[in-house]
Every structure is written in structure tokens, then in C-alpha cells.
Amino acid sequence: MLRCCWRPILQLGRPSHARRNLVQGRGTLTSLAKLHAFLSPANLTSAEPVTYAPKDLCKLYLDVKALPPRSQGHPLTLHELQELIVLFGSLSIPSPQPKTTYIHTIAPSLPSAPFRTYWHLVLELWDQYVLRDNRRARSGTVEYWVMRAHLAYMEAEPNSSDEHASHAVSRYTYIRNSPDPNVHLPYFSIMLEHHRSALSRTVKQLCRYLSQNPAPDRRVVELVWALALGRYGALPPAAEGHIFSMISTRLTRLSGSLSLSQTTYQNPVTVGQLCEAFIGAIFGVSQPSLPTDIADRATCEVQGAFDASVSISSRRKHLMLLALYASAKSLGNNEIPAHPKDEEDESRCVLWCTSLPLAILERIPTEAVPSNAVRQLWQMWKGAGLLLPPAIHITTVSSFLRLATKTRDLPLVNACRNHCITLAIWSEEQSDVQSIGMFVDYALALVATRASVSWAQVFSVLPESDALRKQVAETLIGCLLPHHVDSVRDLHEFLQQEGIELPAASVLRFQLEMAKHADTTGVAIQGLAQLSPEHQQSVLHTILRTLRRQHQTRMESSLALQLGTALISSFDVPNFTPEEPSLLHALLVLAASQQGPRAVKLVRIQRDRNLSSLSMRYMLRMMRVLTRYHPSAAISLLDVIEHLPPVDRIEFRRKLVLRLAQRGAHALARRIYDSGDSVGGREALARLDGFRVNVRWRRSRAAVRAVLRIVAARRSHWKEAVGTLCRLGALGAASVVARRAANVGMDLEARTWMGNTILNAALHMWPSEQNDELYRHLQARSARLAHTVGFVGDRVTMNIMLKAILHRNSLMTGPHIRELFDHVVRSGYPAADRWRRENNVPFGSKPSRVVGSETLDSVQPSSAIVFERHVRPLYRSFIKALHLRGDHFGARTIIGILDDEQHDVLARRREQR
């Protein structure tokens with residue numbers, strides 16, 4: 000393959016831009032000058048070098064390449080050719096580029112551009128470099144990029160890989176002693192994948208690299224696992240011999256590879272760490288820090304597994320087990336490699352052939368663990384009767400217990416305990432961290448495999464030692480949290496009953512986890528008294544955030560009492576600074592949980608700490624909650640709002656009076672009204688009615704005269720006066736006030752409101768024994784209001800009239816009410832499609848003239864339907880009427896329609912927010 004940079008002027012197939020470059024010779028010489036300046040050592044080593052985009056740099060080189068032959072020789076020097084080879088090779092590596100010395104120093108400084116490769120330019124420059132000086136010692140960096148170019152062509156052109164493979168092997172032979180793993184990793188991975196005809200040679204080169212490097216790169220070691228698992232095809236005997244020879248060489252040279260060992264260990268050792276120790280003993284990578292006895296045993300086990308006296312088939316199986324663990328490949332039921340059957344090797348290979356499959360099985364999902372394979376491993380381990388350090392026995396039994404938890408194998412759990420008793424490692428004397436881990440695994444396995452087992456039964460089979468049980472309980476809480484909150488709660492109750500005290504850190508973690516969930520917040524509140532002040536503040540912060548995050552509005556009164564007491568005591572600590580939104584929400588929860596006085600006290604404390612947090616909006620919200628659940632405590636808020644502006648204080652007092660009146664606290668509303676200084680027309684009218692919201696059956700002539708006197712004097716509050724007179728039962732006086740309001744120019748909306756108020760009062764005041772006359776009475780009164788006041792009915796008027804129709808017991812039977820409801824749906828009231836049947840209505844009635852249809856036809860078409868004002872009151876009237884007639888099925892149908900519509904309304908509002 001000849002790639003020469005020099006070509007004749009006329010050449011078949013040459014692009015037309017070559018002739019154009021000859022004509023524009025001045026521009027071409029400028030490109031050469033630019034390339035000379037760019038490749039100069041002064042520019043390459045400069046702090047601010049002159050740079051070009053990769054595309055422009057390639058164009059400069061192509062312009063220089065198109066120059067005709069000259070007697071002076073090649074326009075680029077050998078140094079410049081080397082720099083271009085390294086630079087174009089560096090630009091051919093996609094980002095992120097590896098950290099290696101072979102990347103050109105100026106490559107990261109070039110302007111960013113879309114990625115493309117320049118391997119063809121690397122090979123062209125290399126051919127010219129070889130033609131010009133084939134005897135001088137070449138740079139290893141140049142050899143590296145030429146090798147990468149040939150490897151890239153092997154990936155891109157598999158059919159011509161043999162030719163490129165020979166060149167890649169030649170270049171690799173020149174730089175094979177480099178310590179940089181980026182030299183060896185691409186070469187071995189691509190040669191193994193795309194040049195399998197020379198597999199033995201590649202494996203030999205790989206083993207040579209691993210034999211000479213004390214700590215090889217983990218990615219190169221993974222190629223050994225891939226070879227052992229047959230990813231690159233079946234290994235020839237010669238290749239297997241190279242691998243086993245390499246392992247023996249490393250074990251001989253690196254016999255003390257597990258030097259990072261310690262006598263004591265803070266955490267229990269797992270079989271996975273034991274397997275990592277096997278790998279570290281061979282390749283010196285990922286060496287865990289293990290106790291001395293376990294580290295020494297791991298080294299001996301590796302040497303015994305790959306000893307020259309062990310048969311080839313056994314060593315092959317040992318290598319496959321190690322490769323399966325290292326490559327993290329999940330196994331199925333039939334993929335567990337069998338342990339060696341050679342009697343002479345059984346004593347030295349049982350630990351190897353047990354630990355590695357156990358570690359592999361612990362990695363795979365729970366549902367894929369084969370129980371038969373676990374039992375076979377247990378029989379092999381138990382029957383071997385190895386004389387091993389107690390720590391290794393405990394580590395292996397712990398792994399079997401964890402697998403028994405996955406497979407729900409109770410007999411295996413009992414067998415593990417009996418085996419430990421036989422080995423005398425199930426006793427009170429075993430209180431180190433390794434034994435505690437085994438006891439914890441046993442407790443978890445027993446809970447998972449036995450149905451309805453209590454913690455008392457679990458702890459009854461553990462050694463009788465309070466210190467040991469305390470450590471086991473502490474570790475269990477750490478293992479079960481945060482996913483098994485209910486189990487931890489039961490365990491905590493058992494420990495309290497048994498009088499086992501946990502460390503403060505474990506109690507704090509338990510309380511914090513309880514405080515994170517809405518259903519266990521009560522447990523955290525009950526445990527606040529057991530914590531120190533600092534830990535109590537941490538738990539309180541979490542409880543407050545949980546109440547706000549879960550939108551909790553109420554809690555049990557006893558829990559609210561404990562939470563309020565804890566908050567009051569915590570405010571005495573200067574550094575207690577809870578989140579204001581969470582704290583204010585918690586105060587609302589206390590107010591709604593029969594703890595109104597404590598909520599008001601906390602509001603007063605928060606006001607003294609931070610005035611800006613208590614806005615008028617929040618105080619009104621607190622007032623609404625207190626007037627609902629604790630009206631007497633709501634009066635105390637008048638002393639808390641002193642920081643608000645005077646206008647806001649007056650508005651707060653007015654709304655508090657009216658809210659108390661609506662809630663039925665007439666005496667409290669009257670007391671707040673009498674204690675106030677300023678008197679408004681609305682409060683004066685409400686005072687005449689005793690701050691009531693329902694219609695009185697006995698009229699008070701004095702109150703009626705007082706209302707008329709207030710209206711005449713102030714000439715305002717017309718709507719409030721009409722409402723007060725209707726509640727007093729003076730409908731005639733209310734009509735007079737409505738007529739006066741119409742004469743002074745009240746708008747249509749206000750006149751409609753006053754007319755509906757008068758009609759609603761007439762509906763509620765009508766005697767029940769005269770229901771048949773009620774509809775005609777309301778029609779007559781509506782006509783008079785239309786004549787005197789200019790009253791125009793709306794959908795509220797229609798609801799009042801339909802209620803009057805439903806009161807006609809002699810005329811409106813169940814079928815008639817169903818027909819009327821179908822007519823209401825036809826007029827535009829909502830009903831979901833799943834409730835509509837024949838004729839597209841809920842009850843399937845045909846369109847006809849029913850009683851009350853004229854009322855529906857009289858409503859203004861432009862009147863919008865509002866769910867709270869129009870739909871829900873009317874549908875509830877139909878539900879009550881059907882129940883009174885005994886038509887419960889029809890009532891349940893309308894209830895379903897109403898529930899669906901309410902759900903849709905709330906969903907639409909959430910989307911709008």
C-alpha cells in the first residue's frame with residue numbers, strides 16, 4: 000500500500016481543484032507559510048498559540064499536498080510530519096479523550112468542530128515519513144498513532160483486516176514496553192475482536208503484558224475474563240497454557256499482594272470482598288483491606304486453585320468461576336459451574352468453589368436465584384468439614400442466610416444455625432462485628448421465611464446477652480430503614496417492652512425516619528420526650544416539613560398536645576430556627592386539632608420573633624380555622640394582630656365577627672362587636688339580627704324599624720339590609736328596601752340578588768302543610784318584584800322555583816321527578832356520558848312538557864352554570880326529593896352524577912393552577 004504525497008501535475012481522476020491551485024500559486028504558498036508558522040516549536044509551546052479549526056487545518060495540509068515537485072525537496076520537515084501525524088491522530092479520538100501522553104498538547108486548544116476522523120491522513124503522512132528517512136529511530140508517539148490508524152481500519156473494513164493487522168502488530172511490537180494502558184487496551188480489544196485467526200499470538204502478547212506489569216489496568220484484566228467466558232471463541236490449548244502460566248508467574252512474583260490487611264475490622268466481611276481478595280491476589284487490582292487471617296487464607300486459596308499440580312480442567316473451571324464473578328454476569332438455574340470432582344483437589348478448592356458462586360448468586364435478582372443450586376452449595380460446604388478461621392465460616396454462613404432470605408428457604412436457615420452451634424460460633428462470646436453481622440442476617444432471614452413471626456421469637460433464639468442483643472437491634476434498625484418502616488416500628492416497641500436501650504444515634508435515625516412518613520409521624524411525636532434538645536430540634540424540623548409536604552390538616556388531639564408542648568419548649572432555645580412555611584402550616588394543624596390556645600400562643604411567639612412572617616392573609620386563615628374548631632381561642636387573635644396596619648385590624652375584626660356569627664357563636668360575636676370602637680353599617684345590621692344567618696320565625700318589629708332607620712340615614716348597604724330583613728322574616732319591608740334601592744339606581748346584578756334573597760326567604764318561611772300553593776305564591780311574588788324592582792331571574796331563581804315544585808307532594812311523584820331531572824339535563828346542566836342512556840339523558844325519558852319546564856325556559860340563555868351556586872344545590876334537592884318518595888335508585892344515580900362532576904371541576908381547577 001503506497002501513499003505518496005507527490006503526484007504528477009496531470010493525473011487521471013485527480014480533482015479539478017489541483018489545477019486551480021496551480022493558477023492561484025500565491026494563495027497556495029500562503030497556506031504553506033501558515034502551516035509552517037503553525038507547526039513551529041515556538042507556536043506549539045506558546046501560551047497563546049495560533050490555532051485553526053480541524054477542518055481548516057486539513058485544508059491547509061491538502062493545499063500543501065497539491066504543490067508540484069520542487070528541486071528543494073519536500074516543503075515539510077520530518078519534525079513537521081511527526082507533529083501532523085500526532086495532531087491528526089489526536090483529532091481522530093472522540094471526546095472525552097483519555098488522559099495519555101500521546102495526545103498532542105495543542106489539540107485541546109483547537110476550536111471545537113463536528114467530530115470526524117483523519118486516519119487516512121495519518122497513514123499518508125506515515126508513508127511519506129518512512130520514504131524520507133527509514134533508518135533513523137522513530138518516535139514512539141508516531142508509532143502509536145500509526146497503530147491506532149491501522150486498528151481503526153480493522154474496525155471499519157473487516158474484509159481487509161489481515162493487511163492492517165500485520166502493520167498494527169509491527170507498530171505494537173515497537174511500543175509494547177510502554178507503561179501507558181492506552182497503548183495496550185485498544186490493541187488487545189480490537190485484535191481479539193477482529194483478528195481471531197491469530198488468537199494464540201494475541202493471547203500470548205496479552206499474557207506477556209500482564210506478567211510484566213505489577214498493577215495492570217482493570218480494563219485490560221477484563222479481557223482475560225472475556226477470554227475465559229468464551230466471548231472471543233473457544234480458546235486453543237496453547238492460549239490456555241499462556242493464561243495459566245501468566246497467573247502462576249504473577250502469584251510467584253506477587254506472593255504478598257494482600258499486604259493491605261489489618262487485625263481488626265470495623266465492618267463485617269462479605270463473600271464479595273473475599274472474591275475481590277482472590278482477584279487482588281492475582282492481578283493486584285481492587286485489593287480490599289481485610290483482617291489478617293482472612294487475607295492470608297485468600298492468598299493460600301488462590302495459590303491452591305492454580306497450582307501446577309491441579310489438573311487443567313479444574314484450573315479451567317476455577318478461572319471460569321472467577322471470570323463469572325468479575326464480569327458480573329447473572330446466572331440462570333443451569334449456568335452454575337460445577338465444582339471440581341477430583342478427590343485430590345477437593346480439600347483445597349471447596350472455599351473457592353463456594354465463595355465465588357455465592358457472590359454471583361447474591362448479585363442476581365431475587366426472583367432468579369435458583370434454590371436448588373444454593374442447597375447444593377450448602378451440602379458441599381457442610382460436607383467438606385474444612386478447618387478454616389472462624390471469620391471465614393461466619394462470612395460464608397452469612398451469605399447462605401442472605402440467599403435463604405431471597406429463596407424463602409426456612410430449612411436452610413435452621414441448618415445454618417445448627418451448623419454454627421456445632422462449630423461453637425453461636426455463643427455470647429462471639430460479639431465481634433463479624434458475628435453481629437451473622438446474627439443480623441439470621442434475624443432478617445427468619446422474619447422473611449417464617450409467617451407471622453414476632454421480634455420476641457426472633458430474639459429468643461439469639462444468644463442470651465443484653466450487650467449482644469443491643470448491638471443486633473442497632474444493626475437491624477440500620478438495615479431495615481428506610482424501606483421497612485413498619486418492621487422497625489414493631490422492633491422499637493419490642494425493645495421498649497424488654498427495656499433494651501439503644502444508642503442515641505440509632506434512636507435519632509429511627510425518629511427521623513418515622514418523621515418522614517405521614518402515617519408514622521405520631522410515633523415520632525411520641526418519642527420527642529426521649530431525645531436530647533439538639534436531636535429533638537432535628538426531628539421537629541422533619542415533622543414540620545412532613546406535615547406541610549403531605550398537606551395534613553388535622554391529627555389526634557393527644558399528638559397535637561405533645562407537638563405543641565415540644566414546639567413551645569424548643570422556642571426557648573436560641574438557635575431553633577424552623578422553616579417558616581412549615582411552622583405556620585403546623586400551627587394551623589394544631590388549631591384544627593383542638594389545640595387552639597397553644598396555636599395562638601405559638602403565633603404570638605412567632606410574632607415576637609419575626610413580624611414579617613404573619614401576614615394579613617395568614618391571620619385570616621388562622622381565624623377561619625379557629626372559628627371552626629375553637630371559637631373562644633379565635634378571640635385571642637385580636638391581641639396578636641397589633642403589628643398590622645389599622646385598616647387591616649378593622650377588617651380582621653369585622654370578618655371575625657361575621658365568621659363567628661356564621662358558625663353559631665352568637666354570644667362571642669356580640670361581645671366582640673360591643674367591645675369595638677368603630678361601628679359600620681354591615682355590623683350594625685348584623686347586630687339587629689343577633690348575628691344570625693338563618694330566618695327567624697318570630698318577627699321583631701323594633702329590629703325592622705331599626706333597619707329601615709339605618710338605611711334611610713345612611714342610604715347605603717341596601718343588600719345587607721335586605722338580607723337582614725329577610726332573616727327577620729319581614730319580607731314586605733325587604734321589598735320596600737329593594738324598591739328604594741332600585742329607585743336610586745342599583746344595577747341589575749344587585750336587583751337580581753335582592754330578588755333571589757326575598758324569594759329564598761319566602762321559600763323557607765312557607766308552611767309545610769301548604770306546599771301545593773308554594774309554587775304559585777313564588778311565581779306571584781316574582782312577578783311583583785319584576786314590576787316594582789326590575790327583577791330579572793337567573794339560574795338561582797330557577798333553582799328556587801324548582802325546589803318549590805319538588806315540594807308539591809301530591810303532584811311530583813318519583814317518575815315525574817325523573818322526567819323533570821332529564822329536562823334539567825337537556826337544558827344544559829352537566830351529566831357525564833357514562834350516566835346517559837336512552838335519549839341521551841340519565842333516566843331515558845322522552846322530551847315532553849313536564850311540570851316546571853316553563854321555569855327552565857324562562858332563564859336567560861347567557862347565564863353561566865357555576866357548580867357551587869347552581870349545580871350542587873339543585874342536584875341535592877332532587878336527591879332529597881327522590882329519597883322522600885322512596886326512589887333510592889334514582890337518588891343514587893344523581894349522587895353518582897354529582898360526584899363525577901365535582902371530581903371533574905376539581906381536576907380542571909388543579910390544571911389551571
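Counted the way numbering that gives the first Met the number 0 counts, the sequence shown spans residues 0 to 912.
Using N, Cα and C, we set each Cβ at its ideal position, and we do this for glycine too.
Contact belief for residue i with residue j at Cβ below 8 Å, rounded distance in angstroms
| i | j | result |
| --- | --- | --- |
| L321 | F277 | 6 Å |
| I970 | L43 | Nothing about residue 970 can be read from this structure; the chain reaches only from 0 to 912. |
| R780 | A761 | 6 Å |
| P157 | H193 | 6 Å |
| V602 | M622 | Wrong, their Cβ atoms sit about 11 Å apart, outside the cutoff. |
| P596 | L543 | Their Cβ separation, rounded to whole angstroms, is 20 Å, which puts P596 and L543 out of contact at 8 Å. |
| T394 | T269 | 7 Å |
| V849 | H806 | V849 to H806, Cβ: 16 Å. No contact. |
| W351 | E300 | 5 Å |
Coarse secondary structure for residue i, derived from DSSP in three states
| i | result |
| --- | --- |
| L66 | coil |
| L819 | helix |
| P290 | strand |
| W380 | helix |
| Q429 | coil |
| T100 | coil |
| Q911 | helix |
| G139 | helix |
| W351 | helix |
| A831 | coil |
| I604 | helix |
| I424 | coil |
| F438 | helix |
| E47 | coil |
| L643 | coil |
| F114 | coil |
| A664 | coil |
| S568 | helix |
| Y231 | coil |
| A17 | With a pLDDT of 38 at A17, under the threshold of 50, the modelled position of that residue is not reliable, and the figure given next carries that caveat. Of the three classes helix, strand and coil, the one that applies to A17 here is helix, per DSSP. |
| M621 | helix |
| S826 | coil |
| D408 | coil |
| S876 | helix |
Reference residue i; option with closest CA among the options
| i | options | result |
| --- | --- | --- |
| T325 | F114, R218, G240, E533 | One point to set straight first is that residue 325 is Ala, not Thr, in the sequence displayed. When each option's Cα is compared against that of A325, the closest is R218. |
| Y60 | L350, C419, V735, E123 | E123 |
| V538 | W380, S505, V373, S556 | S505 |
| H149 | P180, L589, M190, L109 | M190 |
| Q57 | H103, V121, Q551 | According to the sequence shown, residue 57 is Cys rather than Gln. When only C-alpha atoms are compared, the closest one is V121. |
| L38 | G889, I84, A740 | I84 |
| R115 | V721, D55, L619 | D55 |
| G827 | H869, I524, Q510, H534 | H869 |
| I894 | L905, A880, A906 | A880 |
| K33 | V49, T812, A666 | V49 |
| G303 | T251, S288, P267 | T251 |
| A112 | H73, P53, G139 | P53 |
| T796 | L724, L873, G731, P178 | L873 |
| L402 | L385, H392, S370, G384 | S370 |
| K718 | L637, R726, K64, A737 | A737 |
Can you check the region 487 to 565 for any alpha helix (DSSP H) of at least 4 residues that lies completely inside it and give the ranges in chain order?
If we require 4 residues or more, the alpha helix (DSSP H) runs fully inside the region 487 to 565 come out as 503 to 514, 520 to 525, 532 to 548.
Three or more C-beta pairs under 8 Å: does that hold for the region 135 to 150 against the region 165 to 177?
Under the Cβ criterion (8 Å, minimum of three pairs), the region 135 to 150 counts as touching the region 165 to 177.
Across the region 448 to 456 and the region 403 to 423, are there enough close Cβ pairs to call them in contact, namely three or more that are closer than 8 Å?
Yes, the region 448 to 456 is in contact with the region 403 to 423.
May I ask you to verify whether the region 266 to 277 touches the region 190 to 209, counting CB pairs closer than 8 Å and requiring at least 3?
No contact exists between the region 266 to 277 and the region 190 to 209.
Every unbroken alpha helix (DSSP H) inside the region 153 to 185 [4 residues or more]:
Correct list: 160 to 174.
Would you say the region 492 to 500 touches the region 467 to 478, given that touching needs at least three Cβ pairs under 8 Å?
Yes, the region 492 to 500 touches the region 467 to 478.
Meets three-Cβ-pair contact criterion under 8 Å: the region 811 to 825 and the region 836 to 851:
Touching, yes, given that three or more Cβ pairs across the two stretches are closer than 8 Å.
So, does the region 410 to 421 touch the region 360 to 368, judging by three or more C-beta pairs under 8 Å?
Segments in contact, no.
Are the region 287 to 297 and the region 241 to 249 touching by the rule of at least three beta carbon pairs closer than 8 Å?
No, the region 287 to 297 is not in contact with the region 241 to 249.
Pairing CB atoms from the region 504 to 524 with CB atoms from the region 553 to 564, are three or more of them under 8 Å?
Under the three-pair Cβ rule at 8 Å, the region 504 to 524 counts as touching the region 553 to 564.
Touch check for the region 787 to 794 and the region 732 to 751: three-plus C-beta pairs under 8 Å?
In this structure the region 787 to 794 lies against the region 732 to 751, because at least three pairs of beta carbons, one per stretch, are closer than 8 Å.
Validate contact between the region 565 to 582 and the region 524 to 537 using beta carbons, cut 8 Å, 3 pairs:
The answer is yes - the region 524 to 537 touches the region 565 to 582, with three or more Cβ pairs under 8 Å.
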